[in-house]
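The opening residue of the sequence shown carries number 68 in our numbering; numbering runs sequentially from there. All C-beta atoms, glycine included, are put in the ideal place defined by N, C-alpha and C. These notes concern the structure reproduced below.
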Amino acid sequence: MVQDKKAAETHATNGHYVTHRDSRPIIFFSWVKPPLGMHKVNADGGFRSTELIGSCAVLVRDSEGNFSYAEMKFFEKMTSSVRAEAEGALLALQVLVGNHWVSSYLELDCEQVVNYLKSTSLSSVPHELRAIVQQMKIILTNHKCIITRWSNRETNVGPHILCVKAMDERSSEKWDTSPPDCLTITLNEDKIGKKRMKDKKNKKRRKST
68 MVQDKKAAET
78 HATNGHYVTH
88 RDSRPIIFFS
98 WVKPPLGMHK
108 VNADGGFRST
118 ELIGSCAVLV
128 RDSEGNFSYA
138 EMKFFEKMTS
148 SVRAEAEGAL
158 LALQVLVGNH
168 WVSSYLELDC
178 EQVVNYLKST
188 SLSSVPHELR
198 AIVQQMKIIL
208 TNHKCIITRW
218 SNRETNVGPH
228 ILCVKAMDER
238 SSEKWDTSPP
248 DCLTITLNED
258 KIGKKRMKDK
268 KNKKRRKST
């Protein structure tokens, strides 16, 4: 218990911060730069069930937090949010390998997809996703320096912005020299490690906007 109501005790572990005020935990997260010499790609997927359209996006940054690459893809037909997330993860791996950034972290905010990739069997993977997951497993087997892990949504803002943009504009696009204007604020905030409060609203909200 914190005796002084004005005091706050913060602990940081891999971008996870817990601040205590009046004995109540307030959870924050911040994007963390990869180690020196490595890249980090964040990937996301978007799905609008009312229109059955989808998107996926990736954002790659170096160990200084500088922009390296971004891409968004629009899908005229999409069956589920998990399928969109899987498409995003596959795109991220293809981008890393295609650019020879094979010493990298891949961060996804979809725990289901992360679990599919870590599983030794495809039996738990829905039939419609098995081909995608199998492709990703082959890439990860051939490139063991790519580390896949789950990340909180609050540290995956950039790809989410691009997913929404792709569905709003119904378009696909790549950026390999400079980022789109819609990412400027997020890239700057992430680079300095800005903390974002955990979003307690409907978890599905981000995927349907």
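Asked, Found
"Out of P92, R216 and S148, point me to the one whose CA is closest to C230's CA.", "S148"
"In this structure, how does DSSP classify V169 when only helix, strand and coil are distinguished?", "coil"
"Quick check on this structure: which residue in Q202, E236, S188 and G155 has the alpha carbon closest to the alpha carbon of L126?", "G155"
"To the nearest angstrom, how far is the alpha carbon of E195 from that of E152?", "13 Å"
"According to DSSP, simplified to helix, strand and coil, what is I259?", "coil"
"At the level of alpha carbons, what is the spacing between I252 and N133?", "13 Å"
"Residue range of the beta strand (DSSP E) that H106 falls in?", "H106 to R115"
"Quick one: is K232 buried, meaning 16 or more other Cβ sit within 10 Å of its Cβ, or exposed?", "buried"
"Any idea what DSSP makes of R128, helix, strand or coil?", "strand"
"Measuring alpha carbon to alpha carbon, tell me which residue in D235, D129 and M139 is nearest L157.", "M139"
"Is it a yes or a no for the region 164-178 touching the region 201-216, going by three-plus beta-carbon pairs under 8 Å?", "yes"
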